[in-house]
Structure formats: structure tokens, C-alpha cells
Amino acid sequence: MLTIILWMLLAYFMLPLCWLAVNATKSNVDLFGTFGLAFAPNFALFDNIAQLFAFQGGIYLRWFANTILYAVVGAGGAALVAAMGGYALAKFDFHGRKAVLAIVLGATAVPGTALAVPTYMLFTQWGLINTELAVIIPALVSPFGLFLMLVYAQDAVPDSMIEAARIDGAGEARIFWTIALPLMAPGFVTVLLFQLVATWNNYFLPLIVLNQSDKFPLTVGLSLWNKLANAGGVNLAQPLYPLVITGSLLAVLPLLVAFVFLQKYWQSGIAAGGVKE
Amino acid sequence: MTRLSAKTRATPTAYLFLTPFIVVFAISVVVPLGYALWISFFRKQMIGGTVFVGFGNYLRALGDTLLHDAVLRVVVFLLLQVPIMLGVAMFVALAIDSGRLAGSRIVRIGLFLPYAVPAVVAALMWGYIFGGQFGLAGQLFGSLGMPTPDFLGPNLMLMSVGNVVTWSFVGYNMLIFYAALRSIPTDIYEAAAIDGANEWHKAWFIKLPALRPALVLALIFSVIGSLQLFNEPSILGQLRPSVVTTSWTPNLYAYNLSFTGGQINYAAAVAMLLGGFTVVVAYVVQLGAMKRGRLL
Chain A
15 MLTIILWMLL
25 AYFMLPLCWL
35 AVNATKSNVD
45 LFGTFGLAFA
55 PNFALFDNIA
65 QLFAFQGGIY
75 LRWFANTILY
85 AVVGAGGAAL
95 VAAMGGYALA
105 KFDFHGRKAV
115 LAIVLGATAV
125 PGTALAVPTY
135 MLFTQWGLIN
145 TELAVIIPAL
155 VSPFGLFLML
165 VYAQDAVPDS
175 MIEAARIDGA
185 GEARIFWTIA
195 LPLMAPGFVT
205 VLLFQLVATW
215 NNYFLPLIVL
225 NQSDKFPLTV
235 GLSLWNKLAN
245 AGGVNLAQPL
255 YPLVITGSLL
265 AVLPLLVAFV
275 FLQKYWQSGI
285 AAGGVKE
Chain B
857 MTRLSAKTRA
867 TPTAYLFLTP
877 FIVVFAISVV
887 VPLGYALWIS
897 FFRKQMIGGT
907 VFVGFGNYLR
917 ALGDTLLHDA
927 VLRVVVFLLL
937 QVPIMLGVAM
947 FVALAIDSGR
957 LAGSRIVRIG
967 LFLPYAVPAV
977 VAALMWGYIF
987 GGQFGLAGQL
997 FGSLGMPTPD
1007 FLGPNLMLMS
1017 VGNVVTWSFV
1027 GYNMLIFYAA
1037 LRSIPTDIYE
1047 AAAIDGANEW
1057 HKAWFIKLPA
1067 LRPALVLALI
1077 FSVIGSLQLF
1087 NEPSILGQLR
1097 PSVVTTSWTP
1107 NLYAYNLSFT
1117 GGQINYAAAV
1127 AMLLGGFTVV
1137 VAYVVQLGAM
1147 KRGRLL
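Going line by line, the protein sequences match chains A and B.
Sequential numbering of the first sequence, starting at 15, is according to this note's numbering.
Sequential numbering of the second sequence, starting at 857, is according to this note's numbering.
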């Protein structure tokens, strides 16, 4: 009985993704003319992909490359910045330690979107609007990452090991790189993965700080096409719905695959974050 | 005392390690927040340029019926969607933890996967499924000979947004609850079994209390998320612009005020008010959860 309920729930959760996969294989005519969960006789997936990559001079590929850049640099940087900060907070006693913790914790309660307008205005003044940095710099901040790394550093890096390394004459940077960071690896990978999702899926920030479509990530680009498809779809030379659907499918595949293959990492990471209060 | 001296000696190092975080945090959070507060006290006027108006923008916001409606809408959303989402997540976590489920691994991963789907794509998919043109929902209702509810119409739009948000985040919350359940030491169950506890007793007296910290955390994050609602309604609104107005949620309102209305100072005041309101609600949730000392 329990099994049946949960498998029905699973079907509901899989439905949109199945719908997406099926409909990415349809031509515009079949999209409107055939049942949503059945394949059409005409298998148009490769046609759709070819059109997707050709439309507007291949801008979709540009969006894909931008997304990868933002996600990789943002998430990699965020994990490193959080690891260094978390290690400092866990293993050193210094003035302002408690203040840093309190401010960062307090700031997480402030809605990120409340920062959008002032961020836009400041970035305009600093000449960052419509640059890659405008998306990447805010992506480097992960309060959740900082706390997770703090917890990991406390648990996984023994004080005695740091002291032994100091006695042997190792510098602080070397101790961090060769001793602490490898011990903190599970936490690091978790922060990396979750920040990767956050950056890959980010919509609000790039929508605000970018205004030229060649800088867009996939989310903003797809939303732009969807708007076009709904507003003036009939007047466009090219039907846009198949492109939006196929483009969405390609946009979600990398993360879905990453999550299926990296299960043991993110599950242990959530376990570390989930039981804390 | 040798340990303390080693730590003290390394104080400059600690600052160095912390510097990158402090810098990006300052640029992206602290400075914009201070700046928003600053500009919220000014108003741009046709004659006389930008002038200091004190709390003028805040007073205007408190009397703004568009903002009232928007806040009311997200509060209704919060009261309906969050309990459903966390309830389902908890039910699934308890079901998987009970070990009486076939294929629990697949259920666990399958329910979590939507978390990896961008809100934009999630809203697009559900929008197309619910939409009138080639909507799956319409085809299903049609094949049953029933009229299709207008999922994107004025009456059901909020529910449809809730559906997208629930779809996206049930799995994430479920995993947090599941992780909390896994951390319960097994000897507690053995002791309970000796005392004659059955599965229901275990769930009620051991598992639910153990879930409390995780639940409070999930609740606070969900409250913050609901009050900030933007992505899902703005994408679904592209399908039905007449339903999702420019002030449908407080965030959409602040966004439209500044980026299409040119009222940046007023938008900053609205954003600050929303931020303050969110902090208060999150604080009340936390306080309420701690005071009761029992499950919510």
C-alpha cells in the first residue's frame, strides 16, 4: 500500500521530465496535434537540435557556454572561498570571529532578491553591468557553504596535526593546501555541487545585471524565447515552441546526470547539513 | 596553554584566509544592503532632482494597496503551500526510513531530481502542461469528456505556482528529513521495542521529535522562499500576462518598479520592508518552534 502511494507520487514527479523528453522529439505540428505523452510518428529530435543550434546565429550554444562559465567559475570559487573562510573560523581564535559569524548568519535571513535593485545600481556605477563578473562575483558568496566548511573543518581536521606541521616548519598556506583541504574534501565537494546547481539555475540575478543577449545564461535566454513564442509566436518566421522545449531538455540534462552519478557525495553532504541546528 | 599560543600566533593567517569571503560578501551583500537603505530615504522629483524624504517612501509603501495585495497573496501562498510541501516531504522521509518500501532508492533519487531543474524550466514545463494550446492537462481532461479547469486563470494561478514550487522542493526537504532520521541511534529503537513500542509508537515518540530541528530549518527556508516568490510566477505569467500583474508578488512589484517604472528609490523602500518583514516572520517561526518544545 505504502509502496503504491509512493510510486504514484514518483510518477507525478517524473511526469514533467518525461513530457519534456517526449516533446523534444516532436515537430511544431505534432506538438499541437498529438497526445502529450506519446511519441509522434515523425521523430524530429535531431531536426529540433539542428534548428536550436542554428537559430539566431547559434546563440543557444553561446548561452550554454556562458552557463558553464558562470557555474564552473562561480561554484569552484565559492567552494574555495568558503573552505578558506570555514577553516579560519574553525581553527583560529581571533578578534571579530563571533562578529563575522553573526553578520553572515543574519544576512542569510535577508531575502537575496531585496538586494537586486541596489546591486544593479552599484554594479552600474562600478562598470560591472553586462560583464561576466556581475554574475560571477555574487555567485562566490555561499553562507551555507561557509557554515558547512566550518563544521567539516572542526570535525575532520585534528588540531594536533596542524600543530605537528607547524613544528615541522610548514607555512600556514601549505598546511591548508596539503593537510586541511584534502581532509575537508567531502564538504568541499558538497558545497561545490550545491553552488553549481544554484549558479546553473540562477535566473533573477543575471536577468537584472545583464542586458545583452550574448552574455545570457540558458535560463534567461530560454525565458526570452518563451516570451517571444507566447507574445508574437504566430508572426515569427520560425516556430519557437520546439526550440524552447528542446533547449530546456538540453539545459537540464547535465545537472540531472551529475546528480545521478554523484549521489553518494550530495547525500552525505545533506546529511551533514540536515541534522544541524 | 601551548595550544592557545599557537592559535594566537596564527591570527594574521586567520584574517588572510577569511579575506576572500569577507570581500565577496561585502561587495555582494553588505554594501548593496547599506546602499538600498540609503537610497530608500530619497525621492526623484521632476523639479528639484533627488531630494531627501526621510521615511516618506516607507509611509507610501505602508499605504500602497498594490503592495498590500501582493503581500497578502504570498502569505496565503505560504500558509497553503508550505504545509503541503513539508507534509509530503515528511511523509515520504518516514516511509523510506521505515524500510517497508520497494524501490526506495529510486523514489529517493526520483523525488530529489526536480531540485536540479532550473525554476525557469520547471515553470515552462508545467506551464506548457497546464496551458491551453498543446497542454497535456487539457488532453487528459478532454479524453475523459470533462471541461479543463483554467489552471493559468485568475482563480487557479496561485495553485499552479504552488504546484511548481512543491514539485521543485519536496525532494530536497525530504532528504533533509531523511538525513535527520538516519542520525537517530538504533539502540533507542531497541530500547523502545523492549518496552513494547510498535511502529506507530516509534514514529510518534522517537522519529517526529528527532525531526524537529530539521523541520524548523526547512520551515524557515520555505518561509523566506515563499515571501521572495519571483521566478515561477514571472515565467507562468509570460503565458498569461493578464493574470500575473506587475505587482502580483512583492518581489515582482519591486522588480517592475525599478526596471520598468523607473522608481528606484521607492522600490528600494519596498525591498527593505519586505526584507524586514521576512526576518520578523522567520524569527517568529523560530521562536514559536522553540517555545513549544514539541513538534509543530
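Think of the CB as a built atom: it goes at the ideal place given N, C-alpha and C, for glycine as much as any other residue.
query: Between the Cα of B:Ala1145 and those of B:Val1072, B:Ser1090, B:Asn1112, B:Pro970, spot the shortest distance and give me the residue it belongs to.; result: B:Val1072
query: Quick one: what's got a C-beta closer than 8 Å to A:Met135's C-beta in the same chain, skipping five residues either side?; result: none
query: Check the DSSP bridge columns for B:Lys900 and list the partner residues they point to.; result: B:Thr906
query: If contact means a Cβ-Cβ distance below 8 Å, which residues of the region 1102-1117 of chain B contact chain A?; result: Asn1107, Ala1110, Tyr1111, Ser1114, Phe1115
query: When DSSP labels each residue in this structure, what does A:Gln252 get in the three-state scheme?; result: coil
query: Could you spell out the range, first to last residue, of the alpha helix (DSSP H) harbouring A:Met15?; result: First-last for A:Met15: undefined, no H or E at that position.
query: If we count the other Cβ atoms within 10 Å of its Cβ and call it buried at 16 or more, is B:Arg1150 buried or exposed?; result: In this prediction, B:Arg1150 has a pLDDT of 49, which is less than 50 and means its spatial position is unreliable; what the coordinates show is noted afterwards. With fewer than 16 Cβ atoms within 10 Å of its Cβ, B:Arg1150 is classed as exposed.
query: Taking Cβ positions only, does B:Ile895 come closer than 9 Å to chain A?; result: yes
query: Of all Cβ atoms in chain A, is any one closer than 9 Å to the Cβ of B:Ser1086?; result: Residue identity check: residue 1086 of chain B is Phe in the sequence provided, not Ser. For B:Phe1086, the answer is yes, since a Cβ of chain A falls inside 9 Å of its Cβ.
query: On the criterion of 16 or more Cβ atoms from any shown chain inside 10 Å, does A:Phe208 qualify as buried, or is it exposed?; result: buried
query: Find out if the Cβ-Cβ distance for the pair A:Tyr210, A:Val95 is shorter than 9 Å.; result: It should be noted that the sequence gives Leu, not Tyr, for residue 210 of chain A. The answer is no: Cβ separation not under 9 Å.
query: Would you mind listing the beta strand (DSSP E) stretches within the region 84-110 of chain A that are 3+ residues and don't spill past its ends, in chain order?; result: none
query: Which residue wins for smallest C-alpha separation from A:Val131, given the options B:Gly1132, B:Gln1142, B:Tyr1109, B:Tyr1139?; result: B:Tyr1109
query: Establish whether the CB of B:Phe1025 and some CB of chain A are separated by less than 9 Å.; result: no
query: Quick one: what's got a C-beta closer than 7 Å to B:Ala949's C-beta in the same chain, skipping five residues either side?; result: Met1030, Phe1033, Tyr1034, Leu1037
query: Just how far apart, CA to CA, sit A:Leu195 and A:Ala97?; result: 8 Å
query: Helix, strand or coil for A:Phe137? Go by DSSP, reduced to three states.; result: helix
query: In terms of residue numbering, what span does the alpha helix (DSSP H) encompassing B:Gln1184 cover?; result: Outside the displayed span of chain B (857 to 1152) sits residue 1184 of chain B, for which this structure offers no information.
query: Do the CB positions of B:Ile1080 and B:Ala1125 come within less than 9 Å of each other?; result: no
query: Please list, in chain order, the residues of the region 219-233 of chain A that have any C-beta partner in chain B closer than 8 Å.; result: Ile222, Leu232, Thr233
query: Quick one: using the 10 Å Cβ neighbour count with 16 as the cut-off for buried, is A:Ala64 buried or exposed?; result: exposed
query: Out of A:Phe60, A:Lys40, A:Leu66, state which residue places its alpha-carbon closest to the alpha-carbon of A:Ala54.; result: A:Lys40
query: Rounded to whole angstroms, what is the Cα-Cα separation between A:Val266 and B:Gly1009?; result: 28 Å
query: Could you confirm whether any beta carbon from chain A is found closer than 9 Å to the beta carbon of B:Gln1094?; result: yes
query: Count the other C-beta atoms from every protein chain shown that fall within 10 angstroms of the C-beta of A:Leu162, then say buried if there are 16 or more, exposed otherwise.; result: buried
query: Could you pull the start and end residues of the alpha helix (DSSP H) that A:Met175 belongs to?; result: 173-181
query: Take the Cβ of A:Glu186 as the centre, count every other Cβ of all protein chains shown within 10 Å, and call the residue buried at 16 or more, exposed below.; result: buried
query: Output yes if chain B places a C-beta closer than 9 Å to the C-beta of A:Thr17; else output no.; result: yes
query: Enumerate, from N- to C-terminal direction, the unbroken alpha helix (DSSP H) stretches of 4 or more residues contained entirely within the region 1046-1096 of chain B.; result: 1055-1058, 1064-1083, 1087-1095
query: Does any CB atom of chain A fall closer than 9 Å to the CB of B:Pro1089?; result: no
query: Does any CB atom of chain A fall closer than 9 Å to the CB of B:Trp982?; result: yes
query: When you check each C-beta in the region 246-280 of chain A against every C-beta of chain B, which residues fall closer than 8 Å?; result: Tyr255, Val258, Ile259, Ser262, Ala265, Val266, Leu269, Leu270, Ala272, Phe273, Val274, Gln277
query: Provide the residue span of the alpha helix (DSSP H) that contains A:Gln70, from first to last.; result: A:Gln70 -> no alpha helix (DSSP H), and no H or E assigned at all.
query: Go to B:Asn1019, then tell me how far its alpha helix (DSSP H) extends in each direction, as first and last residue.; result: 1013-1038
query: Measuring only between beta-carbons, confirm whether B:Pro1005 sits less than 9 Å from chain A.; result: no
query: Does the region 896-909 of chain B touch the region 1082-1096 of chain B, meaning 3 or more C-beta pairs lie closer than 8 Å?; result: no
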